[in-house]
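In the numbering used here, the protein residues as written are 14 to 175.
Note that the Cβ used here is the ideal one computed from N, Cα and C, for glycine as well.
Read the structure below first, then the notes.
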Ligand SMILES: [Zn+2]
């Protein structure tokens, strides 16, 4: 983990610790089961928000910058923007500034947001794909397939050819 981010975690945990210390006789926090649920919920929420903020930051970068053609150096024109629903281990993220830029003269085009996000046009993150596969390998074929179908959206199964 990056040092700057670790510091945020340490500060956050110190604040939560204060809440625990003030919660004499488990008035607000009713035992470990509740803390475990809280940790799961928090991890999911923070993960989703982190990804959304990263996408938002990179989308802003694309909006605020001019991009030039690699062939002639001319300014690329905005052709259209499309939305992309992207599934991650922390839930679905809507990528709404996947703009398509092109050069009239050279017929060159780019989608500048995708390399900034480190994605191509896939709809499922590599991490989620790996999680699904890992989830399936320790069970019998039929059992894991039933489990996966139960918890994961059908379109993902089609895409992963499960
Ligand atoms: Zn050009």
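Residue range of the unbroken alpha helix (DSSP H) whose run includes residue i
{"i": "residue 106", "result": "It is not in any alpha helix (DSSP H) - residue 106 instead sits in the beta strand (DSSP E) that spans 104–115."}
{"i": "residue 92", "result": "Looking at the DSSP string, residue 92 is not in any alpha helix (DSSP H); the run it does join, the beta strand (DSSP E), is 90–101."}
{"i": "residue 61", "result": "45–77"}
Three-state class that DSSP yields for residue i in the structure shown
{"i": "residue 122", "result": "strand"}
{"i": "residue 137", "result": "strand"}
{"i": "residue 29", "result": "helix"}
{"i": "residue 175", "result": "With a pLDDT of 49 at residue 175, under the threshold of 50, the predicted position of this residue should be treated as unreliable, though the coordinate-derived value follows. Residue state, collapsed to three classes: coil."}
Contact under 8 Å by Cβ, residue i with residue j
{"i": "residue 115", "j": "residue 92", "result": "yes"}
{"i": "residue 60", "j": "residue 103", "result": "yes"}
{"i": "residue 112", "j": "residue 83", "result": "no"}
{"i": "residue 86", "j": "residue 118", "result": "no"}
{"i": "residue 135", "j": "residue 106", "result": "no"}
{"i": "residue 42", "j": "residue 36", "result": "yes"}
{"i": "residue 68", "j": "residue 108", "result": "yes"}
heavy atom of ligand 1 below 7 Å from residue i C-beta
{"i": "residue 143", "result": "no"}
{"i": "residue 71", "result": "no"}
{"i": "residue 90", "result": "no"}
{"i": "residue 121", "result": "yes"}
{"i": "residue 118", "result": "yes"}
{"i": "residue 87", "result": "yes"}
Original post:
Are three or more beta carbon pairs between the stretch 79–98 and the stretch 55–70 nearer than 8 Å?
Top reply: no
Original post:
Contact between the stretch 66–82 and the stretch 114–129: three or more CB pairs below 8 Å?
Top reply: yes
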